[in-house]
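Visitor:
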Amino acid sequence: MEKINGKMLAVEEHGEGDALIMVHGLGGTSNAFGPQAGVLARNFTVIRPDLEGSGRSPVKGKLSIAGYVADIVALMKARKIRSAHFVGHSMGT
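Read in order, the letters of the sequence shown are residues 0 to 92 in numbering that gives the first Met the number 0.
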């Protein structure tokens with residue numbers, strides 16, 4: 000668990016290379032990317048957060064897409080990541 004943007008988030012990081020942030024879908028967890036993360040970590044620093052209220056990350060406040068974005072930006076700043084590749088999954092319809 001890491002304190003990111005004033006809240007506790009579960010974040011896993013593996014591999015070396017350019018940052019690749021994997022963002023799970025609504026109701027999902029970072030575990031959704033387990034098989035892909037292992038392969039991608041051969042060439043990238045793979046970062047998999049559980050978004051607030053998902054998986055191992057507790058809810059602190061009202062959930063919103065804007066809040067999720069702010070958390071990812073704060074995560075990047077905390078790790079001094081200026082740019083990253085992203086892999087994402089649906090947030091709903």
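Every residue gets a Cβ at the ideal spot worked out from N, C-alpha and C, and that includes glycine. None of the values given here were measured: they were computed from a predicted structure.
Taking C-beta to C-beta, are Leu19 and His84 nearer than 8 Å?
Guide: Taking 8 Å as the Cβ cut-off, Leu19 and His84 qualify as a contacting pair.
Visitor: Would you list the residues sitting across from Lys6 in a DSSP beta bridge?
Guide: Ile3.
Visitor: If you measure between the beta carbons of Asn4 and Ala73, is that distance less than 8 Å?
Guide: Contact: yes.
Visitor: Out of Asn42, Gly27 and Pro48, which one is the CA nearest neighbour of Arg78?
Guide: It is Pro48 whose Cα lies nearest to the Cα of Arg78.
Visitor: Taking just the CA atoms, how far does His23 sit from Leu62?
Guide: Taking the straight line from one Cα to the other gives about 15 Å.
Visitor: By Cβ distance below 7 Å, which residues in the same chain neighbour Ala36 in space, the five residues on each side in sequence not counted?
Guide: Excluding positions up to five away in sequence, the list reads His13, Met21, Val45 and Arg47.
Visitor: I need the DSSP call for Asp49, collapsed to helix, strand or coil.
Guide: Reduced to three states, the DSSP call for Asp49 is coil.
Visitor: Report the residue from Lys6, Thr28, Phe32 and Phe43 whose alpha carbon sits nearest the alpha carbon of Ser82.
Guide: Comparing Cα positions, the closest option is Phe43.
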